[in-house]
Amino acid sequence: AQSVAQPEDQVNVAEGNPLTVKCTYSVSGNPYLFWYVQYPNRGLQFLLKYITGDNLVKGSYGFEAEFNKSQTSFHLKKPSALVSDSALYFCAVRDSGWGGTGFQKLVFGTGTRLLVSP
Amino acid sequence: NAGVTQTPKFQVLKTGQSMTLQCAQDMNHNSMYWYRQDPGMGLRLIYYSASEGTTDKGEVPNGYNVSRLNKREFSLRLESAAPSQTSVYFCASSEALGTDEQYFGPGTRLTVT
C-alpha cells in the first residue's frame, strides 16, 4: 500500500531565508508525487509534480522539489521565503501501477503548516 | 472560467437528516473526486468517478452515495447524517486518472449535531 509522511507539523522560517518542507513516501512501484498548498478557508492548489525525468521539478510561485529515489523523499524547497507563502502544504503520492483493484488513489500526507515571519 | 464550484459553503445538520453536496466543473475534465478533510488526517478519498457514467468507492465510502449527473456535475449524498461525518468536504477534478493534477473546489464545511 502506498503512504506518505510529512514529519513536521509546522515549519518556521524568516522572510528571505530558504525554506524546506519535508516529505517521504512509500510505494510498491514507481511514484507519482505532488505538492499542493492550502490557504485558509480555501481548497488545495496544485504546486508541482514529479512523474518521470529530471529529479528537480520546478513549480508555481518559485517553489521546486527534488525527487530522491534512494531516500524515497520529495522535499519542497524555495530559495527565499515570502510572508505570503504562509499556508498549509500537502505532499501526495500515487503508485504508477494499477494494482489488483484498478485505480491507485492519490494518498495525501497530513500537511505541514509553513509560517514565514517578517 | 470558474474552475470547480461547490454548494453549499456551510451546512449544519441534525443527526439522521439527509443532504446533498453539489459540485460542478467547467474545465471539461473526465475525472471527479470527493474528499473529506479532518484535522491531523490529511485528505481521504470518499468516492471518485473516472469518467461520465462511472463511480467507484474510495477509502472511506460508508455513509455516502454519489451521482455523476453528467460530465460537469458530481454530487455527494449523506442519507442519514452522523456526528462522525462532521468534516470539510472537497470536490476535485482532473483531466483523467493517473498523472494529472487535481483541481479543488473551495470546500463545504459540514457540522452534524
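Going line by line, the protein sequences match chains W and S. Numbered according to the numbering used here, the first sequence terminates at residue 118, and the numbering increases by one at each position without gaps. Numbered according to the numbering used here, the second sequence terminates at residue 1113, and the numbering increases by one at each position without gaps. The C-beta atom is built at its ideal place from N, Cα and C for all residues, glycine as well.
### Message
Counting only Cβ pairs nearer than 7 Å, list the residues of chain S close to Tyr32(W).
### Response
As a position in the first sequence, residue 32(W) is number 32, starting the count at 1. In chain order: Thr1099.
Just checking: is the beta-carbon of Gly1107(S) within a distance shorter than 7 Å of some beta-carbon in chain W? To locate residue 1107(S), count along the second sequence from 1; it is residue 107. So, interface residue.
Please classify Met1032(S): is it buried, with 16 or more other beta-carbons within 10 angstroms of its beta-carbon, or exposed?
For the purposes of this step, residue 1032(S) is taken as residue 32 along the second sequence, with counting starting at 1. Met1032(S) comes out buried.
Proximity of Gln1025(S) and Thr1007(S) at Cβ, strictly below 7 Å: Walking along the second sequence from the start, residue 1025(S) turns up at place 25. Walking along the second sequence from the start, residue 1007(S) turns up at place 7. Not closer than 7 Å, so no.
Would the beta-carbon of Ile1046(S) fall within 7 Å of that of Gly1063(S)? Translated into the one-based positions of the second sequence, residue 1046(S) becomes position 46. Translated into the one-based positions of the second sequence, residue 1063(S) becomes position 63. No, these two residues do not count as a Cβ contact at 7 Å.
For Gln1093(S), the three-state DSSP class (helix, strand or coil) | As a position in the second sequence, residue 1093(S) is number 93, starting the count at 1. Residue identity check: residue 1093(S) is Ser in the sequence provided, not Gln. Correct three-state label for Ser1093(S): strand.
Proximity below 7 Å, CB of Tyr1103(S) to CB of Gly1003(S): Stepping through the second sequence from its first residue, residue 1103(S) is reached at position 103. Stepping through the second sequence from its first residue, residue 1003(S) is reached at position 3. Their beta carbons are under 7 Å apart, which means Tyr1103(S) touches Gly1003(S) by this criterion.
>> Taking 7 Å as the threshold (C-beta atoms), are Phe1090(S) and Gly53(W) in contact?
In response: Locating residue 53(W) in the first sequence gives position 53, counting from the first residue. Locating residue 1090(S) in the second sequence gives position 90, counting from the first residue. Cβ distance not < 7 Å, so Gly53(W) and Phe1090(S) don't count as in contact.
How long is the line joining the alpha carbons of Ser1075(S) and Ala81(W), rounded to whole angstroms? Walking along the second sequence from the start, residue 1075(S) turns up at place 75. Walking along the first sequence from the start, residue 81(W) turns up at place 81. For Ser1075(S) and Ala81(W), the distance between alpha carbons rounds to 39 Å.
- Task: Can you check the segment 57-115 of chain W for any beta strand (DSSP E) of at least 3 residues that lies completely inside it and give the ranges in chain order?
- Result: 64-68, 73-78, 87-95
Ranges of the beta strand (DSSP E) found wholly within the segment 1030-1083 of chain S, counting only runs of at least 3
1031-1037, 1043-1049, 1064-1068, 1074-1078
Please identify the residue among Ser1049(S), Pro1106(S), Arg1072(S) whose C-alpha is closest to the C-alpha of Asn1065(S). Stepping through the second sequence from its first residue, residue 1065(S) is reached at position 65. Among Ser1049(S), Pro1106(S), Arg1072(S), the Cα nearest to that of Asn1065(S) is on Ser1049(S).
Exercise for the section: Taking only beta-carbon positions, decide if Gly1053(S) is within less than 7 Å of chain C. Expected result: Among the protein chains in the structure shown, which are W and S, there is no chain C.
Under 7 Å, do Leu1013(S) and Val1112(S) count as touching if we go by C-beta distance?
Taking the second sequence and counting its residues from 1, the one referred to as residue 1013(S) is at position 13. Taking the second sequence and counting its residues from 1, the one referred to as residue 1112(S) is at position 112. Yes; because the gap between Cβ atoms is below 7 Å, this pair is in contact.
Worksheet item: Is it true that the CB of Phe46(W) sits closer than 7 Å to the CB of Glu1101(S)?
Response: To locate residue 1101(S), count along the second sequence from 1; it is residue 101. To locate residue 46(W), count along the first sequence from 1; it is residue 46. Against a cut-off of 7 Å, the Cβ pair of Phe46(W) and Glu1101(S) comes out as a contact.
| said: Starting from Lys49(W), trace the beta strand (DSSP E) in both directions and tell me its first and last residue. | reply: Within the first sequence, the letter at position 49 stands for residue 49(W). Its beta strand (DSSP E) spans residues 44-50.
Could you tell me the alpha carbon to alpha carbon distance between Leu1069(S) and Leu1078(S), rounded to whole angstroms? Here the question's residue 1069(S) lines up with position 69 in the second sequence. Here the question's residue 1078(S) lines up with position 78 in the second sequence. Straight-line Cα distance between these residues: approximately 16 Å.
request  = Could you pull out every residue in the same chain whose Cβ sits closer than 8 Å to the Cβ of Asn17(W), ignoring the five residues on either side in sequence?
outcome  = By one-based count along the first sequence, residue 17(W) stands at place 17. Counting only Cβ-Cβ distances below 8 Å, and skipping sequence neighbours, we find Ser80, Ala81.
- Message: As a quick exercise: from Ser70(W), Asp85(W), Asn12(W), pick the residue whose alpha carbon is nearest that of Thr24(W).
- Response: Within the first sequence, residue 24(W) is the residue found at index 24, counting from 1. Ranking the options by Cα distance to Thr24(W), first place goes to Ser70(W).
- prompt: So, helix, strand or coil for Gln1006(S), using DSSP?
  reply: Translated into the one-based positions of the second sequence, residue 1006(S) becomes position 6. Three-state result, Gln1006(S): strand.
Against Phe46(W), what residues of chain S qualify as contacts under a CB-to-CB distance less than 9 Å, listed in chain order? Your numbering for residue 46(W) matches position 46 in the first sequence. In chain order: Glu1101, Gln1102, Tyr1103, Phe1104.
- Item | Cα-Cα separation between Phe34(W) and Asp1038(S), rounded to whole angstroms | As a first step, residue 34(W) is located in the first sequence; it is residue number 34 there, counting from the start. As a first step, residue 1038(S) is located in the second sequence; it is residue number 38 there, counting from the start. Their Cα atoms are separated by approximately 20 Å.
Going by CA-CA distance only, name the one from Asp1056(S), Ser1067(S), Met1027(S), Gln1017(S) that's closest to Gly1105(S). Taking the first residue of the second sequence as 1, we reach residue 1105(S) at position 105. Comparing Cα-Cα distances from Gly1105(S) to each of Asp1056(S), Ser1067(S), Met1027(S), Gln1017(S), the minimum goes to Met1027(S).
Self-check item: Ala952(S) burial status per 10 Å Cβ neighbour count (16 or more: buried)
Solution: Since the displayed chain S opens at 1001 and closes at 1113, residue 952(S) lies outside it and no answer follows.
Report task. Measure from the alpha carbon of Ser50(W) to the alpha carbon of each residue in Leu115(W), Val93(W), Gln6(W), then state which is nearest. Result -> For this step, residue 50(W) is matched to residue 50 along the first sequence. Here residue 50(W) turns out to be Tyr, not Ser, going by the sequence shown. The shortest Cα separation from Tyr50(W) among Leu115(W), Val93(W), Gln6(W) belongs to Val93(W).
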